[in-house]
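Each residue of the sequence shown is one higher than the one before, starting from 2 at the first, in my numbering.
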Amino acid sequence: MKFKSKNRMSTETLALGAILTALVIVLQFIAAMLVRLGLFSVSLVLIPIVIGVATCGIGMGAWLGFVFGVVVLLSGDAAAFLAVDVLGTVVTVLVKGIACGLCAGLVYKLLEKLNRYVAVFAAAIVCPVVNTGVFLIGGVVFFLDTLTEWGKSFGYDDVASYMFFGLVGFNFLFELGVNIVLSPIVVRLLNMRKTKSNAKLLNK
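In structure tokens:
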């Protein structure tokens, strides 16, 4: 009985992981084509990453973050940076995607036993913070001279102001706001899934 239960959970996890992977791919391609704020598209995939973390674990969060990064590279969203430094762009984009899923997963697991809503809310905040934070670090490490030139061309006195306000500011606030607003929906979905799983166990 225990083996069958574990096998069923594994199958459900794989199925949900496949669905979330497809959702991340579709949403990010749509964002790259239709939803842009400044130089970049808005990341619409951070909530699916949080859902993956909460339902399937930290590993799923890291995987979905990796998929997110790959789609960003393939969609042309990072074209301006690829033209400057291919390796730096690939490293930055993939690391920020994996890191946002991994960190969101760690925060969720740390707080889940305390309160599920708090865990989801915290993970939803951590995800865009890490995504943007790693991008900024990558920008300093690989593209500082280029970003300095871009900032001057847009009238910014220093590169830090350009990076925070001209490059990522609006995108970050939008992504953070969307995650916060949708957090209660994520909690409801998790509660529904838990209720359904408990009902299946009682019927066995």
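Backbone N, C-alpha and C define an ideal beta-carbon position, used for all residues, glycine too.
query = Shortest alpha-carbon distance to I181 belongs to which of I31, V130, S162?
reply = Locating residue 181 in the sequence shown gives position 180, where the first residue counts as 1. Measuring from the Cα of I181, the nearest candidate turns out to be V130.
query = Which value, in whole angstroms, describes the spacing of the CA atoms of K146 and V68?
reply = Locating residue 146 in the sequence shown gives position 145, where the first residue counts as 1. Locating residue 68 in the sequence shown gives position 67, where the first residue counts as 1. Just to set this straight, residue 146 is Asp in the shown sequence, not Lys. D146 and V68 have their C-alpha atoms some 29 Å from each other.
query = Should L175 and V43 be called a contact, given that it needs their Cβ atoms to be closer than 8 Å?
reply = Against the sequence shown, residue 175 aligns to sequence position 174. Against the sequence shown, residue 43 aligns to sequence position 42. The sequence shown places Phe at residue 175, rather than the Leu named in the question. With contacts defined as CB atoms closer than 8 Å, F175 and V43 qualify as a contacting pair.
ask   = Beta carbon of A105, beta carbon of I26: below 8 Å?
value = Reading the sequence shown from its first residue, position 104 is the one you call residue 105. Reading the sequence shown from its first residue, position 25 is the one you call residue 26. Contact: no.
query = Just curious, the alpha helix (DSSP H) that A125 is in, first and last residue?
reply = Taking the sequence shown and counting its residues from 1, the one referred to as residue 125 is at position 124. For A125, the enclosing alpha helix (DSSP H) begins and ends at 117 to 154.
task = Express the C-alpha separation of L95 and V169 in angstroms, rounding to a whole number.
result = To locate residue 169, count along the sequence shown from 1; it is residue 168. To locate residue 95, count along the sequence shown from 1; it is residue 94. Approximately 17 Å between the Cα atoms of the pair.
inquiry  = So, for L112: in the same chain, excluding its five sequence neighbours on each side, which residues have a beta-carbon less than 6 Å away from its beta-carbon?
reply    = Stepping through the sequence shown from its first residue, residue 112 is reached at position 111. Its chain contains V119, A120, A123 as the residues whose beta carbon lies nearer than 6 Å to that of L112, once the 5 sequence neighbours on both sides are disregarded; these appear in chain order.
task = Taking all protein chains shown into account, decide if S184 is buried (16 or more other Cβ within 10 angstroms of its Cβ) or exposed.
result = The residue you call residue 184 lines up with position 183 of the sequence shown. That one is buried.
key: Close Cβ partners of A79 (< 8 Å) along its chain, the five nearest in sequence each way excluded   = Taking the sequence shown and counting its residues from 1, one reaches residue 79 at position 78. So the qualifying residues of the chain are V73, T90, V94.
key: Distance, L190 Cα to I20 Cα   = Your numbering for residue 20 matches position 19 in the sequence shown. Your numbering for residue 190 matches position 189 in the sequence shown. Cα-Cα distance, rounded: 15 Å.
ask   = So is L103 buried or exposed if we call it buried at 16+ other beta carbons inside 10 Å?
value = One-based indexing of the sequence shown puts residue 103 at position 102. Buried is the call here.
ask   = Hey, V46 and Q29 are a contact pair by Cβ (cut 8 Å); roughly how many whole angstroms apart?
value = Sequence index remark: in the sequence shown, residue 46 carries index 45 (1-based). Sequence index remark: in the sequence shown, residue 29 carries index 28 (1-based). 5 Å between Cβ atoms; contact.
key: M34 versus F165 - alpha carbon distance   = Your numbering for residue 34 matches position 33 in the sequence shown. Your numbering for residue 165 matches position 164 in the sequence shown. Straight-line Cα distance between these residues: approximately 24 Å.
ask   = Roughly how many angstroms lie between the CA atoms of G18 and G66, to the nearest whole one?
value = Working through the sequence shown from its first residue, we reach residue 18 at position 17. Working through the sequence shown from its first residue, we reach residue 66 at position 65. Whole-angstrom Cα-Cα distance: 12 Å.
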